[in-house]
Amino acid sequence: MDNLTSVLENVLGSLAKMVSEVAQDEVTKLFAEIYQQYYAVKKLEEPIGSNIAFVDAGIYPLDMDIARVMYIQIGALIRDSDGELRTINSISGLEHHPPVERIILTVTRRRTFSGGVLRHIFEVKIQTPERSSLLLENNSEAQRVSKEITEILRELGLTIEPRRPLLYRKLARYIEGLIELAYGLKLAEYGDLSKAVIDGTLIRWLRPKRKSIKHKVDGLNILSAILNSKVSDVKKQCVNKLAGLAKTTAFTTLARAMKIFEREIRNGHYELYTLINKRSLPSIKMLLETVEELGFEGYRIPREVIEDLIKKLCTRVYPANELWVSRFPLTMDGDHIMVLDVYSEKPPLGYMQEGGARILRTHLNVVDDINSRVDKVVREMFYAKSPLAGRPPTGLMEVDENVRVYGDLRKLFEAHLTVAALNISKRNKELSKILMQIIKGTLRLRLGYGV
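Listed below in structure tokens is the structure:
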């Protein structure tokens, strides 16, 4: 064990040295300067008691060579204006709905010939065993959602070459994330809640190479299909009703965030959050334009690098429907950094397509709206805080505990899966043998006994 400690100390020392060296490069220095100017630090004062929901999902994926079957447990806790936690059954109309809803998501790939070329296309199926479901009211609704999502994926031109067939796994995780957002939006609507706070980031990535870019659809269309609502309405709901709170983040974000909180922490203030420093945006824009043209500390910084730096502050997550996510570091104990995400219909700062050129623009009117929403949701979320490390808002860790798929539940799901395969054997013995081999092989690999 002493030797193990020594080896790990060597590993961590090497990582620390590498981080120190990276901190000295020109791109890191430039971003550190932008980061300091972009954010304004505020102390948490006058928390607001309100009705908000904390939403999370636990998953158990089973991977096969043609499909990913994902068992999802999704749920929420409502925190009222007194800071008390309640299940969704406290909302009028949801008295008989399960506090934790089970959903089965299946994403399969199927071979097809198009123009003499072999490709794979995707099919999505969403089902629930619940008698009362917040998202899928009945079987016909589940069929409609499944069909519409599959059609949207085809509109995207989302096909893959035979040599790269595993995109369906990423696609399943992406759709699961959208299901989580849909649950939060539907709950906020039913309960007339101020906000639905998603456990984790709002940034959901699905950026495979498309066969065609002429169709203006993206993940927001999938979200709209799940909710059976107009895209324009869902877009507004995302902006007004959703926020994301990530309890962990990248090391570089931690280091930069601690730097901007440093002065207030030294003065004995530990409950801190950030807003966009509106007055600094014009000077940041000028700095980036100068850097692109003349360089930074003697080094030319390419446009692509500058765009990547901006994306760390605000990034477009739904490109066809023009929806951005802005990120805001915060701390409630001076030691742990969390990151709050909110949507906006325009970026505070970003490159915009104007004619045949991409021009760096600031949208100062958007900043006022974003800052107002961030200020409110932080004061609402942290009206009641957990005594756990980092002092997350009361409700966030509790809902995580409720939806997590533990070992006993996994075994129960696997048992149901086996029984389902045995039932099929009564109708088709040959198919049952194949299914049993696939299921048992998949489960053995998950347990570490496969080769």
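When the letters of the sequence shown are read in order and numbered with the working numbering, they come out as residues 25 to 475. Ideal Cβ positions, reconstructed from N, Cα and C, are used throughout, including at glycine. None of these values were measured; they are calculated from a predicted model.
Is G419 helix, strand or coil by DSSP? Here residue 419 refers to the residue found at position 395 of the sequence shown. Note: G419 maps to coil in three-state DSSP.
Can you say whether T152 is buried or exposed, counting buried as having 16 or more other CB atoms within 10 angstroms of its CB? What you label residue 152 is simply residue 128 of the sequence shown in a count that begins at 1. Buried.
Rounded straight-line distance, which links the Cα of L28 to that of S38: To locate residue 38, count along the sequence shown from 1; it is residue 14. To locate residue 28, count along the sequence shown from 1; it is residue 4. Each residue's Cα considered, the two are about 15 Å apart.
First and last residue of the alpha helix (DSSP H) that includes P153? Indexing the sequence shown from 1 puts residue 153 at position 129. P153: not part of any alpha helix (DSSP H); DSSP gives it neither H nor E.
With H, G and I counted as helix, E and B as strand and the rest as coil, what does DSSP make of R327? Start at 1 with the first residue of the sequence shown, and residue 327 comes out as number 303. Helix at R327.
For T355, is the classification buried or exposed, using 16 other Cβ atoms within 10 angstroms of its Cβ as the cut-off for buried? The residue you call residue 355 lines up with position 331 of the sequence shown. It counts as buried.
For K259 versus L384, is the C-beta distance shorter than 8 Å? Here residue 259 corresponds to residue number 235 of the sequence shown, with the count starting at 1. Here residue 384 corresponds to residue number 360 of the sequence shown, with the count starting at 1. Judged by their CB atoms, K259 and L384 are not nearer to each other than the 8 Å cut-off.
If distances are taken between C-alpha atoms only, which option among R133, P306 and G208 comes closest to N389? Start at 1 with the first residue of the sequence shown, and residue 389 comes out as number 365. Among R133, P306 and G208, the Cα nearest to that of N389 is on P306.
Going by beta carbon distance, what residues of the same chain come within less than 7 Å of V241, once the five residues before and after it are set aside? Counted from its first residue, the sequence shown places residue 241 at position 217. Excluding sequence neighbours, V241 sits near I176, E179, L180 and A344.
Determine which residues share a DSSP beta bridge with T339 and list them. Taking the first residue of the sequence shown as position 1, residue 339 is located at position 315. Beta-bridge pairing links T339 to V349.
CB I222 to CB Y63, shorter than 8 Å? Counting from one through the sequence shown, the residue named residue 222 turns up at place 198. Counting from one through the sequence shown, the residue named residue 63 turns up at place 39. Contact flag unset, no.
Since S368 is in the beta strand (DSSP E), which residue starts that stretch and which ends it? Here residue 368 refers to the residue found at position 344 of the sequence shown. Per DSSP, the unbroken beta strand (DSSP E) holding S368 starts and ends at M362 to S368.
Would you kindly work out how many angstroms separate the C-alpha atoms of K487 and P353, rounded to a whole number? In the structure displayed, the chain extends from 25 to 475; residue 487 sits before or after that span and is not available.
Close beta carbons around V398, own chain, < 7 Å, minus the five adjacent residues each side: For the purposes of this step, residue 398 is taken as residue 374 along the sequence shown, with counting starting at 1. These residues qualify, in order along the chain: L299, F352, L364 and V366.
Under 8 Å between C-beta atoms of R134 and H121: For the purposes of this step, residue 134 is taken as the residue at position 110 of the sequence shown. For the purposes of this step, residue 121 is taken as the residue at position 97 of the sequence shown. For R134 and H121, no; Cβs fall outside 8 Å.
Own chain residues within Cβ distance below 6 Å of C262, not counting five before or after: For this step, residue 262 is matched to residue 238 along the sequence shown. Within its own chain, the residues whose Cβ lies closer than 6 Å to the Cβ of C262, once the five positions on either side in sequence are excluded, are Y367, listed in chain order.
For the alpha helix (DSSP H) containing E57, name the first residue and the last one. To locate residue 57, count along the sequence shown from 1; it is residue 33. Residues E50 to Y62.
Across which residues does DSSP place Q97 in a beta bridge pair? The residue you call residue 97 lines up with position 73 of the sequence shown. Per DSSP, G82 and R126.
So is N163 buried or exposed if we call it buried at 16+ other beta carbons inside 10 Å? By 1-based counting over the sequence shown, the position of residue 163 is 139. With a threshold of 16 other beta carbon atoms within 10 Å, N163 falls short and is exposed.
Boundaries (first-last residue) of the beta strand (DSSP E) holding A267: For this step, residue 267 is matched to residue 243 along the sequence shown. Its beta strand (DSSP E) spans residues L266 to A270.
Less than 7 Å between C-beta atoms, sequence neighbours within five positions excluded: which residues of the same chain meet that for L247? In the sequence shown, residue 247 corresponds to position 223, counting from 1. For L247, where only same-chain residues beyond five positions count, the Cβ hits under 7 Å are L202, L205, A206 and V258.
Taking 7 Å as the cut-off, is the CB of Y192 close to at least one heavy atom of the ligand COA? Ligands displayed in this structure: none; no statement on the ligand COA is therefore possible.
Per DSSP, which residues does G374 bridge with? Please list them. Residue mapping note: residue 374 aligns to position 350 of the sequence shown, counting from 1. In DSSP, G374 forms a bridge with R385.
Those residues which DSSP pairs with L354 across a bridge: Counting from 1 along the sequence shown, the entry for residue 354 is found at position 330. In the DSSP output, where bridge partners are listed per residue, L354 has Y297 and M362.
So what does DSSP say about I90, is it helix, strand or coil? Here residue 90 is taken as the residue at index 66 of the sequence shown, counted from 1. DSSP places I90 in coil when its eight states are reduced to three.
Mind checking R287: buried by the 16 CB within 10 Å criterion, or exposed? Here residue 287 is taken as the residue at index 263 of the sequence shown, counted from 1. Counting the other Cβ atoms within 10 Å of the Cβ of R287 gives fewer than 16, which makes it exposed.
G243 to E33 span [Cα, whole Å]: As a first step, residue 243 must be located in the sequence shown, where it is residue number 219. As a first step, residue 33 must be located in the sequence shown, where it is residue number 9. So the two alpha carbons sit approximately 43 Å from each other.
For V79, which residues in the same chain have their Cβ closer than 8 Å to its Cβ, ignoring the five residues on either side in sequence? Within the sequence shown, residue 79 is the residue found at index 55, counting from 1. Here V79 has I98, G99, A100, E204, Y207, G208, L211, A220, V221, I222, D223 and V423 as same chain residues with Cβ atoms under 8 Å from its own Cβ, once five neighbours each way along the sequence are excluded.
Please classify F137: is it buried, with 16 or more other beta-carbons within 10 angstroms of its beta-carbon, or exposed? Indexing the sequence shown from 1 puts residue 137 at position 113. Exposed, by the Cβ-count rule.
What is the DSSP secondary structure of V390, reduced to helix, strand or coil? Indexing the sequence shown from 1 puts residue 390 at position 366. DSSP places V390 in the helix class (H, G or I) of the three-state scheme.
First and last residue of the uninterrupted beta strand (DSSP E) at A476: No answer is possible for residue 476: the residues shown for the chain start at 25 and end at 475.
Alpha carbon to alpha carbon, what distance is there between G107 and L226? Your numbering for residue 226 matches position 202 in the sequence shown. Your numbering for residue 107 matches position 83 in the sequence shown. The straight-line gap from Cα to Cα measures roughly 24 Å.
Pull up the distance between the alpha-carbon of R126 and that of L433, whole angstroms please. For the purposes of this step, residue 126 is taken as the residue at position 102 of the sequence shown. For the purposes of this step, residue 433 is taken as the residue at position 409 of the sequence shown. In this structure, the alpha-carbon of R126 lies about 12 Å from that of L433.
Beta-carbon separation of A81 and V341 under 8 Å? Counted from its first residue, the sequence shown places residue 81 at position 57. Counted from its first residue, the sequence shown places residue 341 at position 317. Contact flag unset, no.
Alpha carbon of K271 to alpha carbon of S410, nearest angstrom: By 1-based counting over the sequence shown, the position of residue 271 is 247. By 1-based counting over the sequence shown, the position of residue 410 is 386. Rounded to whole angstroms, K271 to S410 spans 13 Å at the Cα level.
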